Each structure stands twice: as structure tokens, then as C-alpha cells.
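Okay, so here's the structure we're looking at.
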Amino acid sequence: MGDARLEIDRVSKRYGDVVALRETTFDVRAGELFGFVGSNGAGKTTTMRIALGVLAADSGEVRWDGTPITLDTRRRIGYMPEERGLYPKMKVGEQLVYLARLHGLSASDAERSMLDWTERLGVDGRRGDDVQNLSLGNQQRVQLAAALVHNPDILVLDEPFSGLDPIAVEVMSKVLLEKAAEGIPVVFSSHQLELVERLCDRVGIIRGGEMVAVGTVDELRSGGAVEMVVDAPRAQPGWTDGIAGVTVRSHDGSRTILELTNGVDDQAVLTAALATGPVHEFSRRRPSLTELYRNVVTQEDKA
Ligand SMILES: Nc1ncnc2c1ncn2[C@@H]1O[C@H](COP(=O)(O)OP(=O)(O)OP(=O)(O)O)[C@@H](O)[C@H]1O
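Residues in the sequence shown are numbered from 1 upward in steps of one, following UniProt numbering.
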């Protein structure tokens with residue numbers, strides 16, 4: 001295998017007058033877990049459907065391992081659609097074997113894979129039940145089994161965590177991390193940003209059909225302003241006034257939360273703080289993905 005990354009290259013898509021994607025570009029590297037986040041209607045499902053090849057892009061290209069996605073590549077993708085796609089009146093076990101066979105597994109391999117994944121995902125006791133008789137969470141576990149049962153080389157999952165209980169979230173997380181560790185590209189969309197921050201190697205934020213930030217959470221942090229917490233109990237209001245590029249964001253007791261524009265020397269802030277008296281705390285605040293996301297997404301309103 002060469003460079004087995006999944007590349008979404010300047011993909012655009014319109015639905016009539018609605019521009020769903022505008023030259024959306026990112027890649028999911030082999031062996032990484034990539035979190036795809038954005039508001040409702042931002043374009044995540046459209047991107048994933050185009051990556052899978054069930055929806056045609058107006059322009060742009062999706063490549064895997066350096067070549068455009070073909071029908072053959074499509075069979076090597078494990079996909080979990082947002083609208084889910086299981087046959088409600090078919091038994092869990094039969095359905096998974098059927099899907100594995102559709103993807104080219106032999107009858108015995110399909111059976112073994114079904115047994116393995118239902119057990120790992122905790123639905124082995126449900127193999128003989130119709131899908132429609134399962135709880136929503138168990139249906140989702142079966143849906144993940146359906147994405148994995150043919151041992152895919154790429155995983156594309158549309159909101160796999162939505163509606164899962166905490167135990168199921170852990171089971172799902174473990175499987176996704178393992179698949180990435182096996183060396184395949186794994187991309188999933190989610191609105192659960194704490195989960196994305198905890199699990200993903202890199203994150204892409206899409207807004208209005210455009211990828212507006214891509215990178216590790218640390219890289220996304222470095223693009224924004226730096227926040228500092230200074231606890232200087234004797235400091236009087238206005239103690240930072242002489243330092244260019246520093247804005248007071250808020251106060252929390254004797255602590256001041258400051259925003260420093262990129263390039264401002266934090267030592268100048270420390271000197272000013274010490275000039276007021278004792279300094280009990282002087283630290284950088286690391287914004288969470290939720291805060292970074294809010295900043296990126298609300299820029300839409302300012303634009
Ligand atoms: N079949 C369709 N016909 C017309 N417009 C569509 C269709 N599918 C999606 N859209 C529009 O395209 C845009 C992108 O939708 P998409 O479903 O890709 O967003 P999303 O990021 O997956 O949203 P969500 O988080 O709500 O699932 C939205 O404006 C949506 O209304």
C-alpha cells in the first residue's frame with residue numbers, strides 16, 4: 001500500500017440554489033482518527049456521501065491512495081450513514097453476513113466476521129433478533145458492525161456517537177482507535193466536541209460548506225489569540241493599560257483573564273503584574289475545542 005490517505009480535493013456541490021460545499025479540501029491520513037465538526041447544515045453529510053461515491057460532486061475529486069475513488073474502492077470503505085441503513089425486518093446476524101458477502105467475503109469469512117463483531121460490540125445476544133426490535137443504541141452498534149464486517153480499508157462514519165449511552169460511547173471509541181491504530185484512515189462527524197478533542201488526532205471544522213480550520217487541536221489553538229490568567233491580588237483596574245496587544249477579557253475574584261494578540265511578549269505582562277505586588281498565578285489558558293469551535297463558527301456572524 002502506498003500513501004493510503006483519503007483526500008477530499010476542492011470538492012463543490014450545489015443542491016439547486018443551495019451551495020452545500022465550496023471547494024472543500026482536507027485529507028485523512030492512514031492511521032489517523034479525524035474528527036469532522038460543524039453546525040447543522042454545514043456540509044458534513046454531503047462531504048461523506050461524496051467521499052463514499054453515493055453522491056456525485058459538481059467539481060473536485062476524492063482520492064484514496066493517490067487515485068480517484070472507483071467502484072472497487074467504494075467496496076473497501078466502511079460507511080455508517082446518518083440516516084442509518086439496516087433492513088428493519090432482517091435478523092442482525094443474517095444481515096451482517098449478507099452485507100459482508102456483498103463486499104466480497106466468502107461465506108465462512110462472513111460468518112466469522114459477523115460472530116466476531118457482534119461479540120466485540122456487545123450485541124452477540126441479539127444475533128437472532130430483527131433489527132427493528134432492538135433499542136436505538138443497539139441498532140447503532142449493529143450499524144457499526146455493518147460498517148466493519150467486511151474489514152474495510154477506510155472508515156467514514158456519520159455521527160456514530162449520537163444517541164449512545166456512555167458504555168456504548170466507550171465501546172465505539174475503542175473500536176475506532178483500534179482501527180486507526182491498524183493503519184487505516186478513519187473519519188467521523190460529531191457534535192460532541194469533548195469526545196472529538198479526546199479521541200482525534202486531527203480535527204476539521206466546516207462552516208457554510210467551507211473548511212475553515214484543519215489540524216491538531218494544538219495547531220488550532222496556535223492560530224488564535226493566547227489567553228492568560230494572572231492572579232495579582234493588589235492589582236488595580238487598568239494595570240495592563242500600558243501594554244500593547246493585551247485586552248482584559250474578564251475578572252474572577254483577584255484573577256484577571258487576559259487576551260494577548262499573537263506575538264505579544266508575555267514577560268511584559270509578568271513585569272507589569274509584579275509591579276503591582278505579589279503574583280500568585282501566571283499561566284496560559286488552553287482553550288478547549290468547544291471554545292475554539294465557537295470562535296471559528298461565530299466569525300461567520302462577524303464576516
Ligand atoms: N438532498 C438535498 N436537497 C437539497 N438540499 C440539501 C440536500 N441535502 C442537503 N442539503 C442542504 O445542503 C446543506 C448541507 O447539508 P448536510 O446534510 O451536508 O449538512 P450537515 O453538516 O451534515 O448537517 P447536520 O449536522 O445537520 O447533519 C444544507 O444547507 C442542507 O439543507
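Beta carbons: idealized from backbone N, C-alpha and C, even for Gly.
Just so it is clear, the structure is predicted and the values come from calculations on it, not from any experiment.
Distance cut-off 7 Å: residue i Cβ against heavy atoms of ligand 2
{"i": "V62", "result": "Ligand 2 is not among the ligands present in this structure, which contains only ligand 1."}
Beta-bridge pairing of residue i - partner residues as DSSP gives them
{"i": "A213", "result": "I205"}
{"i": "P68", "result": "R63"}
{"i": "F188", "result": "G35, L157"}
{"i": "H251", "result": "T256"}
{"i": "S283", "result": "V229"}
{"i": "Y79", "result": "V156"}
{"i": "D130", "result": "K91"}
{"i": "V246", "result": "L260"}
Cβ of residue i within 8 Å of any chain C Cβ
{"i": "V37", "result": "Considering every chain present, this structure includes no chain C. It has just one protein chain."}
Limits of the beta strand (DSSP E) - the one that residue i falls within
{"i": "T240", "result": "Neither: T240 is in no beta strand (DSSP E) and is coded neither H nor E."}
{"i": "A20", "result": "18-28"}
{"i": "M90", "result": "Note, M90: premise wrong, no beta strand (DSSP E); not H, not E."}
{"i": "R14", "result": "6-15"}
Candidates the options, of which the one nearest residue i by Cα
{"i": "G242", "options": "P233, A275, W64, V214", "result": "A275"}
{"i": "E281", "options": "G208, L121, G223, R234", "result": "R234"}
{"i": "V229", "options": "A244, S12, V248", "result": "V248"}
{"i": "S162", "options": "L136, V149, V156", "result": "L136"}
{"i": "G16", "options": "R10, L6, D58, F34", "result": "D58"}
{"i": "R75", "options": "D153, S106, T45", "result": "D153"}
{"i": "T45", "options": "E82, Q139, N151", "result": "E82"}
{"i": "V28", "options": "G204, A168, L195, Q139", "result": "G204"}
{"i": "L84", "options": "F34, R255, T256, N138", "result": "What sits at residue 84 in the sequence shown is Arg, not Leu. Residue N138 is the option with its Cα nearest to R84."}
{"i": "K13", "options": "V37, V54, G60, A4", "result": "G60"}
Run of the alpha helix (DSSP H) containing residue i, from where it starts to where it stops
{"i": "E111", "result": "107-120"}
{"i": "L195", "result": "193-199"}
{"i": "D266", "result": "266-274"}
{"i": "residue 319", "result": "Because the chain is modelled from 1 through 303, residue 319 falls outside the range shown and cannot be assessed."}
{"i": "G138", "result": "This sequence places Asn at residue 138; Gly is not what is there. Its alpha helix (DSSP H) spans residues 136-148."}
{"i": "A56", "result": "From DSSP, A56 is part of no alpha helix (DSSP H); its letter is neither H nor E."}
{"i": "P166", "result": "166-181"}
Check your understanding: Given 8 Å as the limit, is there contact between the segment 264-274 and the segment 167-183, that is, 3 or more CB pairs closer than that?
Key -> Of all C-beta pairs linking the segment 264-274 to the segment 167-183, fewer than three are shorter than 8 Å, placing the two stretches out of contact.
Practice item. Check whether the segment 47-55 touches the segment 108-119, taking contact to mean three or more Cβ pairs, one atom from each stretch, closer than 8 Å. Key: No, the segment 47-55 is not in contact with the segment 108-119.
Point to revise | Touch test, the segment 129-149 against the segment 54-71, Cβ-Cβ under 8 Å, three pairs minimum | key: Counting Cβ pairs under 8 Å, fewer than three are found: no touch.
Check your understanding: Three or more beta-carbon pairs under 8 Å between the segment 209-222 and the segment 19-33, yes or no?
Key -> Enough Cβ pairs lie closer than 8 Å, so yes.
Review point. Would the segment 122-138 and the segment 89-101 be scored as touching if the rule is three or more Cβ pairs under 8 Å?
Key: Yes, since at least three Cβ pairs between the segment 122-138 and the segment 89-101 fall closer than 8 Å, the two stretches touch.
Check your understanding: Quick one: any contact between the segment 25-42 and the segment 177-190, if contact means 3 or more CB pairs under 8 Å?
Key -> The segment 25-42 vs the segment 177-190: in contact.
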